[in-house]
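Chains X and W, in that order, are what the protein sequence lines are. Using the numbering used here, read the first sequence as starting at 1 and increasing by one per residue. Using the numbering used here, read the second sequence as starting at 114 and increasing by one per residue. Think of the CB as a built atom: it goes at the ideal place given N, C-alpha and C, for glycine as much as any other residue. First up is the structure itself, then whatever we jot down about it.
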Amino acid sequence: NAGVTQTPKFRVLKTGQSMTLLCAQDMNHEYMYWYRQDPGMGLRLIHYSVGEGTTAKGEVPDGYNVSRLKKQNFLLGLESAAPSQTSVYFCASSYGLNGNTIYFGEGSWLTVV
Amino acid sequence: AQSVTQLGSHVSVSEGALVLLRCNYSSSVPPYLFWYVQYPNQGLQLLLKYTSAATLVKGINGFEAEFKKSETSFHLTKPSAHMSDAAEYFCAVSDVRTGTASKLTFGTGTRLQVTL
């Protein structure tokens, strides 16, 4: 079982460039999430989705867009990358509502120069 | 709004010693609580969770945590540390309102170092 898979694992962007992070899960989970991890700040929720075709803002949504066209995929887009978006990005998914275990991918390291 | 405070960004213990990682939460109602572990360059893995059943929760790798409502705490313990326990540990709280997604609010993490 692959679980939650993120691509790419590493990427260097120039300021102003755009890119998309892809997340795929094979557990038939309804809920998917994008978090960013920064030193000394833990993980912060960027956007999440409660089902195919639906998305919602999390704690730090500015500068990011997301799409959930298929149940198994959750895309995170940066339209115009900024150095402040240098971070490690984690995708996650869960089967049900609050209280259910959230499963994380292995992370995507993004550097914006 | 709910929040989590982890006391101590770095904890160092000797192999075989007790591990105690502290977590206090703030929430208007008793929340769901989680401990996750992150090994270097990897994602987060669930250690254990409290979802209003037994207050003493046992997890993987010999870890356990006790929910104490009076102290608003959910400290993580392990009787005897092993070198393989060296990692970063995150406490997290989840909203318990019916019908909400499992959005987690994380603490800032505690890096556990295990020495010989």
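- Your pair Arg36 of chain X and Gly53 of chain X does not check out as a contact, with CB atoms roughly 24 angstroms apart and the cut at 8 angstroms.
- For the 7 angstroms CB-CB criterion, Tyr48 of chain X and Tyr64 of chain X do not form a contact.
- Listed along chain W, no residue sits closer than 8 angstroms to Ile46 of chain X by beta-carbon distance, the nearest being about 11 angstroms off.
- Closer than 7 angstroms to the CB of Gly172 of chain W there is not a single CB belonging to chain X.
- Counting only runs of 3 or more residues that sit fully inside the region 41-111 of chain X, the beta strand (DSSP E) segments are 42-51, 54-57, 65-67, 73-78, 87-94 and 102-104, in chain order.
- Only those residues of the region 147-176 of chain W whose C-beta falls short of 9 angstroms from the nearest C-beta of chain X are listed: Phe147, Tyr149, Gln151, Asn154, Gln155, Gly156, Leu157, Gln158, Leu159, Lys162, Thr164 and Ser165.
- Using a 10 angstroms sphere on the CB of Gln155 of chain W, the tally of other CB atoms stays under 16, which defines it as exposed.
- Here DSSP, grouped into helix, strand and coil, assigns Met27 of chain X to coil.
- Here the alpha carbons of Arg11 of chain X and Ser18 of chain X stand approximately 11 angstroms from one another.
- Within chain W, Ser122, Thr221 and Gly222 have C-beta atoms less than 9 angstroms from the C-beta of Gly40 of chain X, given in sequence order.
- Burial check for Gln119 of chain W: the Cβ neighbour count within 10 Å reaches 16 or more, so the residue is buried.
- With respect to the 7 angstroms criterion, Leu169 of chain W and Glu179 of chain W are classified as neighbours on the basis of their beta carbons.
- It is roughly 7 angstroms from the alpha-carbon of Ala130 of chain W to the alpha-carbon of Pro192 of chain W.
- For the pair Pro61 of chain X and Leu45 of chain X, the Cα-to-Cα distance works out to about 8 angstroms.
- Looking from the CA of Lys9 of chain X, the closest CA among X:Glu106, X:Gly40 and X:Lys57 belongs to X:Glu106.
- According to DSSP, Tyr163 of chain W shares a beta bridge with W:Leu146.
- The alpha-carbon separation between Gly77 of chain X and Phe176 of chain W amounts to approximately 37 angstroms.
- The criterion of a C-beta distance shorter than 7 angstroms is satisfied by Thr164 of chain W and Tyr145 of chain W.
- Neighbours of Lys216 of chain W in chain X, taken as residues whose beta carbon is under 8 angstroms from its own, are Tyr33, Leu45, Tyr48, Gly58 and Asn98 in chain order.
- Val113 of chain X and Ala82 of chain X have their C-alpha atoms spaced approximately 8 angstroms apart.
- Assigned with DSSP and collapsed to three states, Asn137 of chain W falls in strand.
- DSSP, read as helix, strand or coil, puts Ser197 of chain W in helix.
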